[in-house]
Each structure stands twice: as C-alpha cells, then as structure tokens.
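The C-terminal residue of the sequence shown carries number 207 in full-length UniProt numbering, and the numbering is unbroken.
Take a look at the structure set out below.
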Amino acid sequence: MKKILKNVLLCILCVSIGIFIGTYSKRLIKNKFSKANSSSQSVVAHFVQATYNKDKSTMIKCLSPDLNNVDKLKKFKEKGSKTASDILAIYEHHLYYKKNPPKELSEDDMDAHNSSMKKIEKGDLVEAYVDFTLNNMDTKGKDIKEESISVKPLVDEKYYEGKNPDKDYLDMKFSITLNNNGDISKEDKKIVIQSKEEKYYIVDMDI
C-alpha cells in the first residue's frame with residue numbers, strides 16, 4: 001500500500017514539475033518576443049539587431065501587422081511610407097505573375113518564386129517583404145548583441161504623439177548608435193512607428 005502511495009505521489013510530482021517547466025518556458029518565450037514591441041525604442045533596436053543578424057522571425061515581429069493589409073498599405077503609402085510602397089510593389093508583381101507565370105527561371109529561382117507567391121496568396125505580405133530584403137542584402141548575417149545597440153528618440157515620444165493624433169503613423173526621429181566589434185557608427189533616422197494596443201510596431205524604416 002505504501003509503495004503504491006509512493007508511486008502515486010511521484011507521478012503527481014513529475015506531472016507538476018512538467019506543467020511548471022512548460023508554463024515557465026512559454027512565459028520566457030512570450031516575454032522575449034513581447035519585449036521587442038514594448039516601446040518605440042525597443043522595437044527599433046530589435047529591428048536593427050535582427051536585420052544585421054538576418055533574424056527573420058524578429059524582423060516580422062517588429063513590423064506592423066497592418067502592412068499585410070493592402071488597403072492600409074495604400075493609406076501608409078499616401079503618407080509617404082517607403083516600406084509600404086515596397087510591399088505594394090511586391091504585391092503588384094504577384095498579381096502580374098499570377099496572370100503571366102515566368103518561364104525562364106532556374107529550378108532554385110522558381111522554387112523561391114513559388115514560395116513567395118504562396119505567402120502573398122495567404123496574405124503574408126510582411127514575410128514576403130522580409131524574405132525579399134534578406135535575399136537582396138550583400139552582407140552575411142552578423143552576431144550583433146542587443147547591448148551593442150543604443151536607440152534614443154531625438155525628441156520625447158509624447159511630443160510626437162501630441163503632434164500627430166494618428167497613432168498608426170507616428171513620424172519620429174531616432175539616434176541609433178551601433179558598436180560592431182569596436183567599429184562604432186552613429187546616425188539619425190526618420191522612422192514611422194505605430195502605437196497599437198499598448199504595443200509598438202514599425203510602419204516605415206529605410207533598411
């Protein structure tokens with residue numbers, strides 16, 4: 001009887017530990033990804049780091065989900081978003097090639113083309129854009145650490161929010177300092193940020 005009770009207690013303990021580890025792991029993953037969208041500075045820093053490191057999933061996480069919506073893309077483009085303009089160009093190419101399939105492509109290029117077409121067909125325009133961007137970058141991915149990037153808005157964020165009531169399109173300026181293994185570079189960039197449901201996303205940034 002005691003042996004049975006001991007085995008039952010061991011089973012309960014193992015299940016409890018498994019549930020705790022599973023829950024804690026999910027929380028860690030959730031916190032890692034939500035941190036990128038916690039502020040305008042954080043989303044810019046994470047996007048810069050992800051672009052240098054060719055971290056596709058984080059780049060997608062940092063870009064506004066509204067960039068998957070063709071109507072909103074047109075709205076952003078009218079306001080001057082180069083990113084929205086580039087994504088719309090990819091979408092328009094998709095419409096063209098849907099009616100006029102390419103014929104003279106290598107097997108690898110055809111596979112890449114078909115993969116892109118499927119993503120756009122599903123409405124994953126941001127992913128198609130990130131794929132296109134990474135495939136056309138000259139440099140290989142670098143191991144840029146989070147602490148090597150400093151991002152500061154040139155003016156307080158509340159100033160931009162007060163100046164522009166449209167929180168879908170906060171036209172901001174940031175000072176970005178990057179320490180790439182001792183090679184320090186600094187530049188000011190105009191970046192359009194979206195504030196949505198207490199999260200921050202990039203609507204426009206020249207990569």
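Glycine included, every Cβ here is placed at the ideal spot set by N, Cα and C.
| Item | Value |
| --- | --- |
| Where do the N-terminal and C-terminal ends of the beta strand (DSSP E) with residue 70 fall, by residue? | Premise fails: residue 70 lies in the alpha helix (DSSP H), 70–78, not in any beta strand (DSSP E). |
| Using a Cβ-Cβ cut-off of 7 Å (strictly less than) and excluding sequence neighbours within five positions of residue 94, which residues of its own chain qualify? | 117 and 120 |
| How is residue 201 classed by DSSP in three states: helix, strand or coil? | strand |
| Leaving out five residues before and five after residue 202 in sequence, what residues of the same chain have Cβ atoms less than 8 Å from its Cβ? | 43, 44, 47, 62, 63, 64, 83, 191, 192, 193 and 194 |
| Taking 8 Å as the limit between beta carbons, can you name the residues of its chain near residue 53, skipping five residues before and five after? | 141, 142, 143 and 144 |
| Which residue's Cα is closest to the Cα of residue 75: 109, 175, 179 and 166? | 166 |
| Buried or exposed: residue 87, going by 16 or more other Cβ atoms within 10 Å of its Cβ? | buried |
| Could you spell out the range, first to last residue, of the alpha helix (DSSP H) harbouring residue 90? | 82–99 |
| Going by DSSP, which residues form a beta bridge with residue 174? | 153 and 189 |
| Which value, in whole angstroms, describes the spacing of the CA atoms of residue 188 and residue 100? | 42 Å |
| Are residue 180 and residue 148 close, meaning C-beta to C-beta below 8 Å? | yes |
| Could you give the distance in angstroms between the alpha-carbon of residue 97 and the alpha-carbon of residue 112? | 13 Å |
| With DSSP collapsed to three states, give me the class of residue 105. | coil |
| Are any of the Cβ atoms in chain B nearer than 8 Å to that of residue 167? | Of the chains in the structure shown, none is chain B; there is only one protein chain. |
| In this structure, does DSSP put residue 143 in helix, strand or coil? | coil |
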